[in-house]
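Those protein sequence lines, which keep their order, are chains X and F.
Going by the UniProt record's numbering, the first sequence opens with residue 1, and the numbers climb by one from there.
Going by the UniProt record's numbering, the second sequence opens with residue 1, and the numbers climb by one from there.
These notes concern the structure reproduced below.
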Amino acid sequence: MALIEIAGLEVVFAARGEAVRAVRGIDLSVEPRESFGLVGESGSGKSTVLRALCGLAPVSAGRALIDGRAPPALGRIGSRDRAFARRVQMVFQDPYGSLHPRHTVDRVLSEPLLVHGLGGRRERDRRVEAALQDVGLDASFRFRYPHQLSGGQRQRVAVARALMLEPSVLLLDEPTSALDASVQAEVLNLLSRLREERGLTFLMVSHDFAVIDHMCDRLAVMQQGRIVEVLDREALARGAVREDYTRALLAASQAHAPVQ
Amino acid sequence: MSSATASWRTWLTSRSPRSRRQAWLGQAYLGWLSLLRNPVALLGLAIVLLLVLTAIFAPLLATHDPLAQDLAKRLSPPGTAGHWLGTDEFGRDLWSRMVYGARVTLYIVLLVVATAPVFGLAIGTAAGYFGGLVDVVLMRLTDIFLAFPRLILALAFVAALGPGIGNAVLAIALTAWPPYARVARAETLTVRNSDYIAAEQLQGFGAWRIVTGHVMPLCLSSVIVRITLDMAGIILVAAGLGFLGLGAQPPLPEWGLMISSGRKYLFDQWWVATVPGLAIFVVSLGFNLLGDGLRDVLDPRSASR
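Dropping the structure here:
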């Protein structure tokens, strides 16, 4: 059975009496250890799919299952689901908004361990140091505040946080789009390396074909809340694209690709 | 000595602190530095410190027993030998009464600070974080309390519970919390949809941990600023209750009560009401100035960090 299974997923937001259908019935399945990409322009509903999968957006119809389990409804009283947290984690788009401004790196990384009762004080210290090392930050970063870090360093901390509970699935919401090009490559390489080392399953959202091509085995193209086309990497490389929309997106991204 | 201070400074401002405490102290030090750059706030801080020190060392500073009457010297003007601020209608030394009055004022201030903002913060963050029905119920409750005129509600409480300084404080606290709930809710709403709160929810943190450990610290700076700005009002309401005879009871040297008793002599013996009035004025001003300065230091939006 597939690790991530989405069937007939619809997400409807109620905004001032008006219903906004962000996701309009999509089907998708991702196998264990696969790296799957969702591509589309902004507003196509790709990030909403990720958020629905982990409980940050409402599942209005259909199913969004990870390992056969529905996401908890987050932010309500008594909605915490620790087992889910240890299976699925997310890396957010904006590294400037995804770290608590008043907490040190140390607290950001050690609090999940504390909440889940993993290890004593010394064991937590050890794991925080190991996690920093894993994402290529030395121990001097441990007691810094987010405002003392660059965008790339923050995103490394965010990746380290997502991996603290050793999840098997990582949801990546445009993890590099807020970073400049050289840092972008570093973070992508870091993610690829960690996936290989830990056997992670990635579901990655991006508007950038180059990023998806670099990271993913398969991809789905989304437009206005629907999946237009599912491709694998070879098909993309051969340009074996059926839909005009995909072709247009591809052409647009190639026009901006750096000259090699 | 100077090399020791220099090494302390390097330790505090280190870019890569080696422990939680060093990181926290470093942040506190930076906040202190920005407070130092604001002379008006420092003046406010000095006044508040003066109030605290006066309250602590009242027995040393007072020249007379604040309750000792000397009818032979009643209503002596300022500058009288032995009573440099004069005496009141019972011949009690005004300077000593003012000094001891600092204790009463500080007692009121501390009790209100320990209750109203804490309660308001809890209500406001809970309403903002959970939203929905919880929000509606809690905020309508807040609105109801907010709709009462503060002094009138305090009066009603005191009338029901009986006059006295403890009941006055309770009444003030009961009427002072709604603005804190409002402020805390507004701050919570700006924070609750942020990615870091989402990340914490995803990590399986409970609502209690997120609200107390992650949302409240972010609301705290606005609440602290609000407290210092409110303090003047709280002191004035306490004085007002004292003035109306519903707060502190005679012969307790409370500033509002002192003004009330001086009212009868205002035209001929102006100093009886003026001395405690000046004390209220200076302390209120001090809290206001400190509040303005703290807003600059604590408000994350105005600061560069």
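Ideal Cβ placement from N, Cα and C applies to all residues, glycine included.
What you are looking at is a predicted structure, and each value in this text was computed from that prediction instead of being measured.
- The beta-carbon of X/V169 is placed no less than 8 Å from the nearest beta-carbon of chain F.
- As the crow flies, the alpha-carbon of F/Q249 is around 34 Å from that of F/L42.
- Between X/F36 and X/R226, the C-beta gap is not smaller than 8 Å, which leaves the two residues out of contact.
- With its beta carbon less than 8 Å from one in chain X, F/Y196 belongs to the interface.
- Secondary structure of X/M222 (DSSP, three-state): strand.
- Per DSSP, reduced to three states, the secondary structure at X/R63 is strand.
- With fewer than 16 other CB atoms across the displayed protein chains lying within 10 angstroms of its CB, X/E31 is exposed.
- Going by DSSP, X/Q184 is part of no beta strand (DSSP E) but of the alpha helix (DSSP H) stretching over 181 to 198.
- Residues of the stretch 74 to 99 of chain F with a Cβ closer than 9 Å to any Cβ of chain X: none.
- F/L141 and F/W177 have their alpha carbons spaced roughly 11 Å apart.
- Using a CB distance below 7 Å, the part of the stretch 96 to 109 of chain X facing chain F consists of G97, S98, L99, H100, P101, R102, T104, D106, ordered along the chain.
- Against X/P112, the close residues of chain F are E200, Q203, G204, F205, in the order they occur along the chain (beta-carbon pairs closer than 9 Å).
- A direct Cα-to-Cα measurement between F/F148 and F/L289 gives close to 28 Å.
- Pairing F/R209 with F/G128 gives a Cβ-Cβ distance that is not under 8 Å.
- For the C-beta of F/R209, the chain X residues within less than 8 Å are, from N- to C-terminus, V115.
- Excluding residues up to 5 positions away in sequence, W11, L12, S14 lie with their Cβ nearer than 8 Å to the Cβ of F/Q22 in the same chain.
- Neighbourhood of F/Q22 in chain X, by CB distance below 8 Å: F143, in chain order.
- Out of X/A240, X/K46, X/D173, X/A64, the CA that lies nearest to the CA of X/S29 is found in X/A64.
- Look at F/D88 here: in three-state DSSP terms it is coil, with no helix or strand label.
- DSSP places X/E18 in the uninterrupted beta strand (DSSP E) bounded by 18 to 30.
- When Cβ pairs closer than 8 Å are counted between the two stretches, the stretch 129 to 136 of chain X is seen not to touch the stretch 227 to 242 of chain F, the count staying below three.
- Look at X/D81 here: in three-state DSSP terms it is coil, with no helix or strand label.
- DSSP, read as helix, strand or coil, puts F/H214 in helix.
- Contact with chain X is absent for F/R295, since none of that chain's Cβ atoms lies less than 8 Å from the residue's Cβ.
- The beta-carbon of F/L218 is placed less than 8 Å from the nearest beta-carbon of chain X.
- At least one C-beta of chain X is nearer than 8 Å to the C-beta of F/R18.
- The contact set of X/F92 on chain F, defined by CB atoms closer than 9 Å, consists of D195, Y196, A198, A199 in chain order.
- Relative to F/T188, the option among F/A114, F/G262, F/G131, F/V136 whose CA is nearest is F/G131.
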